[in-house]
Amino acid sequence: MKYSSMTKPVYQIRFHPGIKKDLKGIPANIRQKISVSIKELAVNPHIGYKLAGRYKGQMAYDFSYRYRIIYEIDKNNRNLIVLEVWHRSRDYKK
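Per my numbering, the sequence shown starts with residue 85, numbered consecutively.
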């Protein structure tokens, strides 16, 4: 699904306070892609996938530039809570 400025979000976007740290150091053009991806998730948060293990109960969405957005869906309050954003290479570091 491509986000359009005419597409009305279903969920209100909220950010975990630590998200600023995640975004620091990410190039501006990629931050723009992250912003568009988060807006897409606000329209349809179920395009992501459920996580297990340490992240059980949370969702993830991978997009171009090999970045991952970790988020939760608060259905009762219609909030999309963005918890973390990172480069997927982090997943493979030991």
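By construction, the Cβ of each residue, glycine as well, lies at the ideal position given by its N, Cα and C atoms.
According to DSSP, His171 sits in a beta bridge with which residue or residues? If you number the sequence shown from 1, residue 171 lands on position 87. Answer is Tyr151.
TODO: Starting from Arg162, trace the alpha helix (DSSP H) both ways and give me its first and last residue.
DONE: Locating residue 162 in the sequence shown gives position 78, counting from the first residue. Arg162 -> no alpha helix (DSSP H), and no H or E assigned at all.
Looking only at C-alpha atoms, which of Ile103, Val169 and Asn163 sits nearest to Pro25? In the structure as shown, the chain starts at 85 and stops at 178, and residue 25 therefore has no counterpart that could be examined.
Item checked: Own chain, CB closer than 7 Å to Ile165, minus 5 neighbours either side, in chain order -> Locating residue 165 in the sequence shown gives position 81, where the first residue counts as 1. Taken in chain order, the residues that qualify are Arg98, His100, Tyr155, Glu156 and Asp158.
- Message: Only counting the same chain, and skipping five residues up and downstream in sequence, which positions put a Cβ closer than 7 Å to that of Leu180?
- Response: With the chain represented from 85 up to 178, any question about residue 180 goes unanswered, as that position is not in the structure.
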